[in-house]
Structures are given as structure tokens and as C-alpha cells.
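Undergrad: As given, the protein sequences belong to chains C and Y, one line each in that order.
Under my numbering, the letters of the first sequence match residues 82 to 371, in that order.
Under my numbering, the letters of the second sequence match residues 461 to 1098, in that order.
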Amino acid sequence: MLTDFLQLTVAGLSQGSVYALLAVGLIAVYTVRHVINIAQGEFAMLAGLGSAWLVAAGMPLFLGVLVAILTVTLVAIAMERLIIARVKKLTPLTSIILTLGVSTLLQAIMLLAWGPEAKGVPLFPGTNILIGGVSIRSQEFWMIGALVVVGGGIVLFYEKSRWGKALRACAEQPVAARIVGISPVAASVLAFAIAGFVGAVAGVVASPIYLSLWSGGVLLGLKGFVAAVLGGFVSFRAAIVGALLLGMIEAYVAGYVASGLRDGAAFLILILVLVVRPQGLVLKPTAVRV
Amino acid sequence: MTHATTPVPAGMRSPGARFWMNNKSMLIGCGVLVVLMIVVPFTASSSVMNIVVFAMIFALPAIGLNLLMGLAGQVSLGQAAFFAIGAYTHAILLTKLDLPGPVAATIGVLAAMLVALLVGLPLMRLRGHYLALATLGLGFIVMIGVREWDVTGRTTGIYGISRPTVFGIPIDNNGFFLWFVTPFVVIGLILALNLTRSRAGRALSAVNDSELAAESLGVNTYALRLKVFVLSAGFAGLGGVFYAYQVAIVSPSTSEFHLSVSILLMVVIGGLGSVWGAVAGAFLVQFLGEGMRDIIPAIFPGATGEVQLLGYGIVLILVILLLPGGLFQAATTLWQKLPFGGKRPPVDAHAHAAEDDTTIPQLPAVSTPVAAGEPILVISGLTKRYGGVVAVNDVSLSVPAGSILGLIGPNGAGKTTCFNMISGALTPTSGTVTFLGQVISGRKPHVAAAHGLTRTFQNLQVFTSTDVVGNVYMGRYRKGSAGVLRGMLGLQSSEQSAHRAASYEILASMRLTDAADDSASDLSFGKQRIMEVCRALAAEPALLLLDEPMAGLSGAERDVMAELLRRLRAAGLTIVLVEHDVAQVMSLADHVAVLDDGVLIAHGDPESVRNDPAVVVAYLGTDLDEAEAELIELEEHA
């Protein structure tokens, strides 16, 4: 019993790490541009399918992964420069339609380039371990590790570095930030670059186990959104905690109830949170926090 | 949207002629659509027929989504969920319970509306992006639900739906089916068009300009948005019903996200807020999708599946970037460039309201629910805290009906905060506001408005998408009664023309008639302020709250305003005004209340307040002698 529970918890935590990275990307863009990027999940799928293709074509695993991550980061920057920045007045309505358009376009490109079948990157190197009957696959360490290193790095970046503080300033006081010389253009580009980067990292570490599919990004992105909502869309830390919780709840639903209902859990949580506590898990809802 | 702007007295035209005038473009449009749909089956190839039939089916959810996006300003990414609920319910009732078609269809539509009601009840309170993502989640839940439930046939779905029979004729080919679906699309179109220009539709469009102002005029934003959401789900459900008939199989693909995207694309291409655009968009997207499915495999050999998404994505982006108003915007621009289309000749729209400056204009109606002198507004212990800061501290006062209370105080004294708590825009930390015996504090502004309390705003809240008379007309909202249903059925034109005539009269009373047909955003600051006062008066209030009504007005305009306020008081209206022009307040008000640092430091008739040493110190400076000198100067100036 306990072994099953722990086994599900490990699976939930590793899956939750992927959601957490996507939530970090969503919040990074939202705090600067007030855009909820529906294409966030496509970044992950694009990186997963891209690196699977590169590795299959003979590129070494880590080189292929690196190239895919950098390419997707550039795609995110291109999305900001070519599309988002061109709209003068971004309302919630137009930003949703616009990022939905990008999401649909990226899906179609993936479908045309790599076909309708799901594909996976080869497993990353490492050995599976067994602790007290609970087996932890090496890839799950890579997924959790990606969150610790990349997610933790982003949080540190926002809290400690000059650029990170500038991004926060842009989010809190855009006019004042401009007066003291922080370029809103650079801030916006940086936010999208972060979103592309974390999305791509999430996509490549999850791909060996969960596979990448041209149309899988929307569902994955929405999971990230649920986590971001749990973080009130301002707090990285709360969103990361929310994402890990979400991953675990999904694993328990799949394990104890029915595997087909797994995806339903996220949206029931979403609707419940929006109804009961729209400001998320953060205690102080008004200020922008990271 | 076209509004009949000719306020010809109601009795001058026959009802038939008036109906034609009010609905000309709608009737012509529907006539053209019906004729086209009658002719198409005789001329079109079978593949085109197929596209046309699906375009008409998907026009229904598109019209619904268009109402939600255009009127409620909210986007649903789960329109396919309601479509699927309608389709599944209909199919299950037909195949498993053998219910008659009309009954099954009605239940199918109602089921979609019921789910929308349950989801909308909590979610329509949220702003911004949340509804979009929650409906996206709902779409996934519905898809998971139908895939996992035995009743919905899991992944195989429901099949074996028999074709409907109308008057003994089986609808067994595309031509008959087109004639079967067209009447429903046309009725849906008419209902939707009526709604956009009804009392409810105009209120929602005002909400999109300024939610605060609309609510202060009595609009219950939440309830209206919820109704539109439920209605839009009903349209989607009806589309699903026809889909089930046409395809004869309902599978989980009807609830797919990509279907929601294509319905959204129909609305975006057609133009937000344009019902006709949604229908045109439905045809365009069907043809685009079919074309892409032919072209793309030719360009990319081996491409299979949902390749039309490439076109959908590109078009979505391009429309928002290049033509945010969609086809509707393109068509309007084109029409205005045509020599015969352009601007209509100016009609002498308000001849009956013309006045020269010497005549005394008619006074707007006010309501006097209590006798003069009786307390109409009672404030007790009103307090507002922001964290550790106390903006308003334990303010209690009572306002007798038929009087003017001036609320003055230095900047930051808490005057506007007080106002916002009285009108319902802010919830007090403690204390109550009682208006006409009802506690209104802590409720939404539309509650206070419904009881007869309207206000103006220090930071103007103009409905920019309509003209001046349209703004004032919105003030009549409280005096109307037509709801969503009556609006959809078009049963309110006499009510509307009466309100329009009243709006012109109110504009005349503030000498704003000349600007009546100007766009509200083109007015000068002072004129916008006057317009806001007219708008508040249009509600025939019992209590009028004016937040700095004189700011930005010329001397002559101030005199007109002051004269109007005096006459309104004489007619029994109670007025509370916040004003920086102390001299104006002293000469106008029966009572003056002074706030300083959130505390009520004086309250009484102007004479005693003027001589109150605490007021002099607080208001004009710390040095009493200096303050008195300034006060004398001020009075001489007045």
C-alpha cells in the first residue's frame, strides 16, 4: 500500500516538475506583458519533437537537446518580436486570440514536419534506483533536477540579479521602470526568452517517458496554467508548489480512480480554485511577488 | 450595428412602416440569405453543398460565441464543449430513448445551457483571461467525460441516428437538409441581431467601455454576462443538434479543442460584435478548411490529419495584426468609401429639441420618494481602512431630502472614498449607508442605482463607443424594463423611442443639444462632464452624487450647471456634491460637511461652517490669521 503510494508520489513529483517549469514560463510572460501565452505548451512539444528528430538523425543526445532548446528559445523571441510586439493595444481578448493563433500555427508546423505520431527522445543517461520497493527511474531524476536547476535558477535570477530586478520593476511599475532606464522592449524579449527556454527544457526532459505529440501542447500548457493560477499568477514559488501538488493529485487519480480521468483532475482543480480563491495560494494577493 | 437615430414622434408613422425603418438592413440581409439558401441546392456541386451545409451548422455556435465576445467582452475557448453536449444529448435521446426529434433537440439545447449556467455562475464573476482558460479546461473535461462514460459510447460515440422527417418528407439529402437548417439559422440571426441593439445589448456594450459607470446606472453586469454566456451555449447546443442529424454519428471529436479554435476563428474573421460577420466567418472557415485539406497534401506530400490548422493559425494571427475588426471592419470601411454609401445626409434629428439660449429649458424629471426634509440618506460610522491607513474614519451624517449637501475638504481628505462607499463602488471596512431605509453599503453599485441613486465621476467614465445622446440614453437604463428575452424578440421599440426622446430633452436642459450626435470621446473635457451629469439625471434619480461637477467647466457653463442644480433642488431632488470650488459650494449648498484626514470635522449650514475655526485651520492652513485673510479674499472673489 505504502509502496504504491510512494511510487505514485514519485511519478507525480516528476510530472509536476514539468508543469512547474511551464508555469514559470507563463508567469514570466504574464508579469511583464499581461499576456497568457497559450503557446507555452507548444514550446515543450516543439523542443521534444525537434530533439527526437535530431537525435534520430544521428546527433549526440545532449547536443541535439541543446540545439532544440536554443532553437525554441529563438522561436519564442521571434514570436515576441514578429507578433506580440506588433499589436498596439493588447487586451485580454486579443492576446488570447493571438497566442492561440501562434499555438495553432506551431501545432500545424509540427504536424507537417514530423507527422501525427507521438515521438520520444531517448532516455537520458543514468541508472534507475530502488529504495524500499519504490523504483525511481533515472529520467525522473532528470525531470526533478531540471526543475531544481532551471526553475531555481530563474527564481534566483529574479531575486538577485540586476536584470531580474528590472523585470520585476517592469511588472510592478512599468512607467517608473521606463523612467529609470529599463527598456520595456528588452524586458519583454527577455520574458519570452525565459518562457521559451523553460518550456523547451520541460519538453526535452519529459519526452523520453511521456513522449511528444504535435497536439499535446495545449493540454500540457493548460496544466502549467492551473499551476500558475495556484500561484496567483505572480508568485513563482507558489506556482511551483502548486505544480508539484497538481502532479501528485493527477498521479493519485490515475492510480486509485481511473487512468482516463487523470486529465480531468487538473481542470476540476482549476475551476474550484477560480471559484473559491481566484488570487491563488499566495497570501498577499495585490503585490507582484516572485 | 445600426440604430435608428430619427426620433420621429411615435404616432407619425404606421407600425408597419416603423418596423421596416427600424429593421431595414436586417430584413434585407435575411432575405438575401434565404434566397441564396433556396437557390444553392439547385446549382452547387455536391462538395460545395457539403461545405455550405456545415457552414450553416457551425454558423450557430459562431453566432453564440460572437454574442459572448462582442457583448460580454469574454472569450470562450470551449464552445465545442457546448456543441458536443447538444449533439450527444440529442443523439442519446433519439437512439436510446426514441424520443421525438423536436423534444430531443430541445432537451439537447437546454442541456448545453444548463451546463453553461452551472459553470458560469461562479466563473462569470472573474475578469480577463480566466473565463477563456476555464472554458478551455471545460472542453477537456467534456472530452474526457464522453470518452470515459458508457452512456456516451466511449471512443466509438453514438451512431445510428435516423434522419429527421418534416411534414412526412424525410430529410435525406443535403439540399433538403440545407432547407431544414436555414430557418433556424435565420431565426437565430434575428434573435442575436435584436439582442445587440436591445436595452441589454447596449448595456453590455456600455459595460465594455466603463463597467463602473454602467453599474452606477443600474446595470447588473454579472447577471447580464451570465445570461449572454448561457445564451451562447444554447446556440452552440443547437448547432450540435443539427450536426448529430447531419453526420448521424456523434464521436468525441465533436468536443475537440480544434473545433473550438475553428469556431473562434469564424468569429474573429467575421469581426467581433458583428452577428453577420459570424455567419460570413462560418462560410469562410469551412471553405478555407476544405481548401487547405486539398492544397497542403499537394505541397507537402504525405501530410495527413488536421493540416488545415496551418491556415487557421496564420489567419488568426494575421486578422488580429492587420484587421482587428475582421470582415465587418473591412466592409464598413469599403462602404464608406463608395460614393453612394458614405455618410448619410444630415437629418434634422432634433428639431423638436432646438432651443435658443434665452428660453428656460424644461427641467428633467426627478423622483421624490420621500417628502422634503425627511432623511433620504443616512451614513453612520462609515470607515475605510487600507492596511494601516485610515482613509475615512467614522463618518456619520444624514442628508434631508430636497437639499444640497456640499462635501468639501483638502486633497486626500477622503471625499471620493466616501462617495465610492455611498454609491457601492467600494465596500466600507465598517459602518453603513442607508438610502431610503435600505442598507446599500457593501452591495454593488447597481443596487444603489436601482433604488434611485446615481452619480458622476471625478475621473470621467464616458461610454466612448457611442455618441453623446447614446451616453445619456444609457442613463435611462433604470427606467426601462426589457430584459434579454424581450430584447431578442424585438419587443421594445416603443420603449426605446420614448427613452431616446427623453434623452434629447435632458441634453437640451444642459444646452448640449448641438453635440447630441457627436462621438462622446470627441467632446471637450468640460462638455463630457456636463454629459455625465445629463446621463445621471436621465435615470430620474432621487439622490444625485456629483463628484467635482464644476471641474474643467467654463464660467458660463458653471452658471448653467449651478442654475440647473438649484432648479432640480426646487423640484425635490437631493444632491450631494464634492467640489473644490468652495465659493460655488457655499453659495449653492444648504448644508456643508467638511472632511479632513478622513474625519468629519464640521457639518452644518454654510454660514456656521465658514466661521468654524477648525475648518479654517484644516482647510486653509495652520495659521489662523493668515487663513482668515485668505478666506476673506476668497469671499470677495466670489
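All C-beta atoms in this analysis are idealised placements derived from N, C-alpha and C, irrespective of residue type, glycine included.
Between Y:P829 and the rest of its own chain, which residues show a CB-CB distance below 7 Å, the 5 nearest in sequence each way excluded?
TA: Mapped onto the second sequence, residue 829 of chain Y falls at position 369. Once the five neighbours on either side are set aside, the close Cβ partners of Y:P829 are L896, G912 and A1002.
Undergrad: Less than 8 Å separating the beta-carbons of C:G122 and C:L301?
TA: Taking the first residue of the first sequence as position 1, residue 122 of chain C is located at position 41. Taking the first residue of the first sequence as position 1, residue 301 of chain C is located at position 220. Cβ distance < 8 Å, so C:G122 and C:L301 count as in contact.
Undergrad: With a threshold of 7 Å on Cβ separation, who are the neighbours of Y:I511 within its own chain once the five nearest residues in sequence on each side are excluded?
TA: As a first step, residue 511 of chain Y is located in the second sequence; it is residue number 51 there, counting from the start. Closer than 7 Å at the Cβ level, and outside the excluded window around Y:I511, lie Q746, F747 and E750.
Undergrad: Have a look at Y:T503, Y:A998 and Y:V1077 and flag the residue whose alpha-carbon is nearest the alpha-carbon of Y:P870.
TA: Working through the second sequence from its first residue, we reach residue 870 of chain Y at position 410. In terms of Cα proximity to Y:P870, the closest of Y:T503, Y:A998 and Y:V1077 is Y:V1077.
Undergrad: Report yes or no: is there a C-beta of chain C within less than 8 Å of the C-beta of Y:G661?
TA: Within the second sequence, the letter at position 201 stands for residue 661 of chain Y. Cβ-Cβ to chain C under 8 Å: no for Y:G661.
Undergrad: Name the DSSP bridge partner or partners of Y:V1038?
TA: The sequence position of residue 1038 of chain Y within the second sequence is 578, counting from 1. Per DSSP, Y:L867 and Y:D1007.
Undergrad: Can you say whether Y:D974 is buried or exposed, counting buried as having 16 or more other CB atoms within 10 angstroms of its CB?
TA: Residue 974 of chain Y sits at position 514 when you count from the first residue of the second sequence. Exposed, because fewer than 16 other Cβ atoms sit within 10 Å of the Cβ of Y:D974.
Undergrad: Any residues in the region 518 to 548 of chain Y with a beta carbon nearer than 9 Å to a beta carbon of chain C? Which ones, in chain order?
TA: M529, G533, Q534, V535 and L537
Undergrad: Please state the DSSP three-state secondary structure of Y:R915.
TA: Here the question's residue 915 of chain Y lines up with position 455 in the second sequence. Strand, per DSSP.
Undergrad: Do the region 1048 to 1068 of chain Y and the region 851 to 862 of chain Y touch if we need at least three Cβ pairs shorter than 8 Å?
TA: yes
Undergrad: Exposed or buried, Y:M516, counting other C-beta atoms within 10 Å across all chains shown (16 or more means buried)?
TA: Residue 516 of chain Y sits at position 56 when you count from the first residue of the second sequence. Buried, because 16 or more other Cβ atoms sit within 10 Å of the Cβ of Y:M516.
Undergrad: Is the region 922 to 930 of chain Y touching the region 975 to 995 of chain Y, taking contact as three or more C-beta pairs under 8 Å?
TA: The region 922 to 930 of chain Y, when compared against the region 975 to 995 of chain Y, does touch it at the 8 Å Cβ threshold.
Undergrad: Are the Cβ atoms of Y:V907 and Y:G884 separated by less than 8 Å?
TA: Here residue 907 of chain Y corresponds to residue number 447 of the second sequence, with the count starting at 1. Here residue 884 of chain Y corresponds to residue number 424 of the second sequence, with the count starting at 1. Against a cut-off of 8 Å, the Cβ pair of Y:G884 and Y:V907 comes out as a contact.
Undergrad: Using DSSP with H/G/I as helix, E/B as strand and the rest coil, what is Y:L1055?
TA: Start at 1 with the first residue of the second sequence, and residue 1055 of chain Y comes out as number 595. It is a strand residue.
Undergrad: Is the beta carbon of C:G298 sitting closer than 8 Å to the one on C:M126?
TA: For the purposes of this step, residue 298 of chain C is taken as residue 217 along the first sequence, with counting starting at 1. For the purposes of this step, residue 126 of chain C is taken as residue 45 along the first sequence, with counting starting at 1. Cβ distance < 8 Å, so C:G298 and C:M126 count as in contact.
Undergrad: Which partner residues of Y:Q898 appear in the DSSP bridge assignment?
TA: For the purposes of this step, residue 898 of chain Y is taken as the residue at position 438 of the second sequence. Paired residues: Y:F895.
Undergrad: If we cut at 8 Å on Cβ distances, does C:I259 have a partner in chain Y?
TA: Against the first sequence, residue 259 of chain C aligns to sequence position 178. Ile is not the amino acid found at residue 259 of chain C; the sequence shown has Arg there. False, the Cβ-Cβ gap to chain Y never drops below 8 Å.
Undergrad: Do the CB positions of Y:V1020 and Y:P1009 come within less than 8 Å of each other?
TA: Within the second sequence, the letter at position 560 stands for residue 1020 of chain Y. Within the second sequence, the letter at position 549 stands for residue 1009 of chain Y. No.
Undergrad: Would you kindly check if the distance between the Cβ of C:A92 and the Cβ of C:A339 is under 8 Å?
TA: In the first sequence, the residue the question calls residue 339 of chain C occupies position 258. In the first sequence, the residue the question calls residue 92 of chain C occupies position 11. Not a contact, by the Cβ cut-off of 8 Å.
Undergrad: So Y:R659 is in the alpha helix (DSSP H); what residue range does that whole segment cover?
TA: In the second sequence, residue 659 of chain Y corresponds to position 199, counting from 1. Annotation for Y:R659: the continuous alpha helix (DSSP H) segment containing it runs R659 to D669.
Undergrad: Evaluate C:E198 with the Cβ neighbour count: other Cβ atoms within 10 Å of its Cβ, from every protein chain shown; 16 or more gives buried, anything less gives exposed.
TA: By 1-based counting over the first sequence, the position of residue 198 of chain C is 117. The residue is exposed, with fewer than 16 neighbouring Cβ atoms inside 10 Å.
Undergrad: Please return the same chain residues whose Cβ sits closer than 7 Å to the Cβ of Y:K904, not counting the five positions on each side in sequence.
TA: Here residue 904 of chain Y is taken as the residue at index 444 of the second sequence, counted from 1. Here the set comprises E675 and G884.
Undergrad: Output, in sequence order along the chain, the residues in the region 340 to 359 of chain C whose CB is closer than 8 Å to any CB in chain Y.
TA: Listed in sequence order: G341, L342, D344, G345, A347, F348, L349, L351, I352, L355, V356 and P359.
Undergrad: What is the C-beta distance between Y:Y933 and Y:S963, in whole angstroms, given that I count them as a contact (C-beta under 8 Å)?
TA: For the purposes of this step, residue 933 of chain Y is taken as the residue at position 473 of the second sequence. For the purposes of this step, residue 963 of chain Y is taken as the residue at position 503 of the second sequence. About 5 Å separates the CB atoms of Y:Y933 and Y:S963; that is less than 8 Å, so the two are in contact.
Undergrad: Identify each residue in the region 179 to 192 of chain C for which the Cβ-Cβ distance to at least one residue of chain Y is less than 9 Å, and report them in chain order.
TA: The region 179 to 192 of chain C vs chain Y, Cβ under 9 Å: L179, L181, G182, V183, S184, T185, L186, L187, Q188, A189, I190 and L192.
Undergrad: Inspect the CB distances between the region 205 to 221 of chain C and the region 308 to 315 of chain C and report whether three or more fall short of 8 Å.
TA: no
Undergrad: DSSP state of Y:H589, grouped into three classes?
TA: For the purposes of this step, residue 589 of chain Y is identified with residue 129 of the second sequence, where counting begins at 1. DSSP places Y:H589 in coil when its eight states are reduced to three.
Undergrad: Roughly how many angstroms lie between the CA atoms of Y:A968 and Y:A683, to the nearest whole one?
TA: For the purposes of this step, residue 968 of chain Y is taken as residue 508 along the second sequence, with counting starting at 1. For the purposes of this step, residue 683 of chain Y is taken as residue 223 along the second sequence, with counting starting at 1. Going by the C-alpha atoms only, they are around 33 Å apart.
Undergrad: Apply the 10 Å Cβ neighbour rule to Y:L653 and answer buried if 16 or more other Cβ atoms are within range, or exposed otherwise.
TA: Numbered from its first residue, the second sequence carries residue 653 of chain Y at position 193. Y:L653 should be labelled buried.
Undergrad: Listed from N- to C-terminal order along the chain, which residues in the region 295 to 319 of chain C have their beta-carbon within a distance smaller than 7 Å of any beta-carbon of chain Y?
TA: V299, L300, L303 and F306
Undergrad: Find out if the Cβ-Cβ distance for the pair C:A324, C:Y111 is shorter than 8 Å.
TA: The residue you call residue 324 of chain C lines up with position 243 of the first sequence. The residue you call residue 111 of chain C lines up with position 30 of the first sequence. No, the pair does not count as a contact, with Cβ atoms beyond the cut-off.
Undergrad: Please state the DSSP three-state secondary structure of Y:N680.
TA: Residue 680 of chain Y sits at position 220 when you count from the first residue of the second sequence. Three-state DSSP puts Y:N680 in coil, outside helix and strand.
Undergrad: Rounded to the nearest angstrom, how far is the Cβ of Y:A540 from that of Y:E766, given a contact under 8 Å?
TA: Position 80 of the second sequence, counted from the start, is the residue given in the question as residue 540 of chain Y. Position 306 of the second sequence, counted from the start, is the residue given in the question as residue 766 of chain Y. That pair is no contact at about 14 Å.
Undergrad: Rounding to the nearest angstrom, what Cα-Cα distance links Y:T889 and C:R358 in this structure?
TA: Residue mapping note: residue 889 of chain Y aligns to position 429 of the second sequence, counting from 1. Residue mapping note: residue 358 of chain C aligns to position 277 of the first sequence, counting from 1. When rounded, the distance between both Cα atoms is 20 Å.
Undergrad: Do we get a CB-CB distance below 8 Å when we pair Y:I1035 with the residues of chain C?
TA: Position 575 of the second sequence, counting from 1, holds the residue named residue 1035 of chain Y. By this cut-off, Y:I1035 is not an interface position.
Undergrad: Using DSSP with H/G/I as helix, E/B as strand and the rest coil, what is Y:N853?
TA: The count along the second sequence starts at 1 and reaches residue 853 of chain Y at position 393. Of the three classes helix, strand and coil, the one that applies to Y:N853 here is strand, per DSSP.
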